[in-house]
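At position 342 of the sequence shown (counting the first as 1) the number is 332 in the numbering used here, and the numbers step up by one without a gap. All C-beta atoms in this analysis are idealised placements derived from N, C-alpha and C, irrespective of residue type, glycine included. Please read these numbers as outputs of a predicted model, since none were measured by experiment. Have a look at the structure below, then the notes.
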Amino acid sequence: MKKVIYLFILISIISNQAIAQWIAQNSGTNQNLYDIEFLNDKTGWAVGDAGVVIKTTDGGNTWVNIPNPSPMYSPNLWSVLPIDSNIVFVTSGKDLIMKSTNGGLNWLIMNFCASCNSSMPGITFLNKDTGWFLGTNKVFRTFNGGVTLDSFYAPWFTNFEIHFKDVNTGVFCGTGRVFKSTDQGETWFDTNVPVGGSFREFRKLGISNDNVWVVGSSSPVYKSTDYCDTWEIITPGQQIGGIPIYFVNDNTGYIGRSLNNLIKTTNGGFNWYQQQTDPNSQAFISSISFSNDTIGWYSCAIGRIYKTTTGGQWITNISSISEVLSDNFILGQNYLNPFNSQTLISFEIATRGNYLLEIFDTKGSRVRELFNGLLNRGVMK
-9 MKKVIYLFIL
1 ISIISNQAIA
11 QWIAQNSGTN
21 QNLYDIEFLN
31 DKTGWAVGDA
41 GVVIKTTDGG
51 NTWVNIPNPS
61 PMYSPNLWSV
71 LPIDSNIVFV
81 TSGKDLIMKS
91 TNGGLNWLIM
101 NFCASCNSSM
111 PGITFLNKDT
121 GWFLGTNKVF
131 RTFNGGVTLD
141 SFYAPWFTNF
151 EIHFKDVNTG
161 VFCGTGRVFK
171 STDQGETWFD
181 TNVPVGGSFR
191 EFRKLGISND
201 NVWVVGSSSP
211 VYKSTDYCDT
221 WEIITPGQQI
231 GGIPIYFVND
241 NTGYIGRSLN
251 NLIKTTNGGF
261 NWYQQQTDPN
271 SQAFISSISF
281 SNDTIGWYSC
291 AIGRIYKTTT
301 GGQWITNISS
311 ISEVLSDNFI
321 LGQNYLNPFN
331 SQTLISFEIA
341 TRGNYLLEIF
351 DTKGSRVREL
361 FNGLLNRGVM
371 K
């Protein structure tokens, strides 16, 4: 039998905003968005289907559609990378690379292959001149901002994201594989992620210093602490699964999944907890970007963009702090502080069993489910 804990907390209008954590923004489009990248806490870009390029200069409060020539070439845009306030690159299918040097007012076509049945989903730059583009079976390298492109073989059939930590050393991910180069991208070798023969779709790289994480659909999380020289499975037996993965530092990271499901870790990926997101959206999460440890955005299908200014800290992790036996259920007093996005709830339970912990506001409306699972008797927080 399941015991239900109904938790009534005085929640003001301000604290309701604190609970939301991830706030919907008006992107001005209903096209699927595949990539979102922020240069700082004000300026960001997103791209998607039908040649959609949108830009914000106020942290996402308003988004402006940026006309571009991609519909004449390859309309579904996969990746965007702003280098500074003026220079931005956008890539698409048929190896299309577009560049603007004036914040999106005008665009240059740096590469296009009309006969190519391939895509160019990955971009990474060390500065305004030195960068790499990742495509189907190929890597382009430039030392002059894309004016000339050196092409090298990328030994895999489906590739997604590329990253270079310096001019010599870089990695890219694809379906079930992560490859590494130590010669400026001219040759690549398999780093042997322990996938056990399966082909997980690694679409994004989570990177912080020399720490690298990858995750695929219905897969555990894999981590390297030496920039992909060695790997370990850090969630053994758990099919965490996800599309984008993003780390803001060595400890804190996020994984986006289908149905607007976002999870967060604060211990380097060993444990993950669900974030409070928009319950009215079931769009898949495609990309995540942060400008610092607490200010971040993620993009979704059908033009959805969400923002947090608190790191999305509404996480539920119930732990036992005492095994002292209790004969009754006791709930500690709790009043949510409207100036703090977190609160600590403590309670005692008398018998081991399945418990459901829910929060209701003073009007009797259910705010969210905090926990649904097995608990031993004792003191919890």
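Practice item. For GLU176, name the three-state secondary structure that DSSP assigns. Key: coil
Review point. Just the Cα atoms here: how many angstroms apart are ILE152 and ASN270?
Key: 33 Å
Point to revise | DSSP-derived helix/strand/coil call for ALA144 | key: Residue state for ALA144 is assigned as coil, using DSSP reduced to three classes.
Review point. The beta strand (DSSP E) with LYS32 in it runs from where to where?
Key: Careful: LYS32 lies outside any beta strand (DSSP E) and carries neither H nor E.
**Study point:** Beta-carbon spacing of VAL80, VAL137 below 9 Å
**Key:** no
Review point. Helix or strand or just coil, what does DSSP make of MET62?
Key: Residue state, collapsed to three classes: helix.
Review point. Per DSSP, what kind of secondary structure is ASP25 in: helix, strand or coil?
Key: strand
Check your understanding: Is the segment 17 to 33 touching the segment 273 to 292, taking contact as three or more C-beta pairs under 8 Å?
Key -> yes
Point to revise | Paired residues, beta bridge with ARG131 - DSSP | key: TRP122, ASP140
Check your understanding: Is ASN250 near THR267, with beta carbons less than 9 Å apart?
Key -> yes
**Study point:** Cβ neighbours of GLN228 in the same chain (closer than 7 Å, five flanking residues each side left out)
**Key:** PRO210
**Study point:** Rounded straight-line distance, which links the Cα of MET110 to that of ARG193
**Key:** Approximately 13 Å, taken between the alpha carbons.
Review point. Which residue or residues does DSSP assign as beta-bridge partners of LYS264?
Key: The question names Lys, yet the displayed sequence has Gln at residue 264. Within the DSSP bridge table, the entry for GLN264 names ILE253 as partners.
Review point. Going by other Cβ atoms of all chains shown within 10 Å of its Cβ, with 16 needed for buried, is PRO61 buried or exposed?
Key: Burial call: exposed.
Point to revise | Rounded C-alpha distance that separates PHE162 from ASN92 | key: 29 Å
**Study point:** Euclidean distance between Cα positions of ASN20 and ILE339
**Key:** 47 Å
Practice item. Would you tell me roughly how many angstroms separate the C-alpha atoms of PHE150 and VAL183, rounded to the nearest one? Key: Approximately 16 Å, taken between the alpha carbons.
**Study point:** Residue closest to ILE275, alpha-carbon to alpha-carbon, out of ILE285, SER248, ASP283
**Key:** SER248
Review point. With C-beta atoms as the reference, is THR181 less than 9 Å away from TRP221?
Key: yes
Review point. Under a Cβ-count criterion, where at least 16 other Cβ atoms within 10 Å of its own Cβ denotes burial, should ASN101 be classed as buried or exposed?
Key: buried
Exercise for review: Could you tell me which residues DSSP puts in a beta bridge with THR298?
Suggested key: GLY286
Point to revise | Cβ-based neighbour list, ASP283, same chain, cut-off 7 Å, excluding 5 preceding and 5 following | key: VAL238, ASN239, THR242, GLY301
Practice item. Please state if the CB of ILE223 and the CB of TYR212 are separated by a distance shorter than 9 Å. Key: yes
Check your understanding: What are the boundary residues of the beta strand (DSSP E) that includes ILE275?
Key -> Looking at the DSSP string, the run of the beta strand (DSSP E) that includes ILE275 is 275 to 280.
**Study point:** N-terminal and C-terminal residue of the beta strand (DSSP E) that PHE154 is part of
**Key:** 149 to 154
**Study point:** LEU98 burial status per 10 Å Cβ neighbour count (16 or more: buried)
**Key:** exposed
Review point. SER82: which of GLY41, SER75, GLY187, PHE147 sits nearest, CA to CA?
Key: GLY41
Check your understanding: Looking at the unbroken beta strand (DSSP E) that takes in GLY112, where does it start and where does it end?
Key -> Here the beta strand (DSSP E) through GLY112 covers 112 to 115.
**Study point:** Coil, strand or helix - GLY258 by DSSP
**Key:** coil
Review point. Would you call the CB atoms of GLY231 and SER214 closer than 9 Å?
Key: no
**Study point:** For ASP216 and TYR104, the rounded distance between their alpha carbons
**Key:** This sequence places Ala at residue 104; Tyr is not what is there. Roughly 39 Å separates the two Cα atoms.
Point to revise | MET88 - partner residues in DSSP beta bridges | key: For MET88, which the question treats as bridged, DSSP gives the partners VAL80, ILE99.
Practice item. Alpha carbon to alpha carbon, how far is SER64 from CYS290? Give it in angstroms, no decimals. Key: 21 Å
Check your understanding: What whole-angstrom Cβ distance do LYS297 and GLY50 have, given they're in contact under 8 Å?
Key -> 5 Å
Review point. Does the distance from the CB of PHE130 to the CB of ASP140 come in under 9 Å?
Key: yes
**Study point:** Nearest-angstrom Cα separation, counted from ILE295 out to ASN16
**Key:** 7 Å
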